[in-house]
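Heads up, the thing below is written out as structure tokens.
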Amino acid sequence: MVRALYECEVCGYIYVRREDAEECERFCSEHNACNREIIKRAYGRKNG
Ligand SMILES: [Zn+2]
0 MVRALYECEV
10 CGYIYVRRED
20 AEECERFCSE
30 HNACNREIIK
40 RAYGRKNG
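When the letters of the sequence shown are read in order and numbered with my numbering, they come out as residues 0 to 47.
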């Protein structure tokens with residue numbers, strides 16, 4: 000089974016749930032930084 004993963008286009012964190020990726024992306028573009036509470040749910044990061 001292939002698991003769909005969602006990426007925050009701003010910071011590059013990968014999420015299993017699309018809602019989390021969208022929340023991260025929204026926060027990242029508004030604050031120009033990541034929300035630690037959100038990235039705790041991240042599956043991983045694109046580069047590293
Ligand atoms: Zn992000």
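Glycine residues also receive a C-beta, built at the ideal position from the N, C-alpha and C atoms.
query = Rounded to a whole number of angstroms, what is the C-alpha to C-alpha distance between residue 38 and residue 22?
reply = 10 Å
inquiry  = Any heavy atom of ligand 1 inside 6 Å of the beta-carbon of residue 12?
reply    = yes
key: Residue closest to residue 40, alpha-carbon to alpha-carbon, out of 3, 31, 12 and 8   = 12
Sheet register partners of residue 43 (DSSP bridge) = 13
ask   = Within 6 Å: the Cβ of residue 15 and any heavy atom of ligand 1?
value = no
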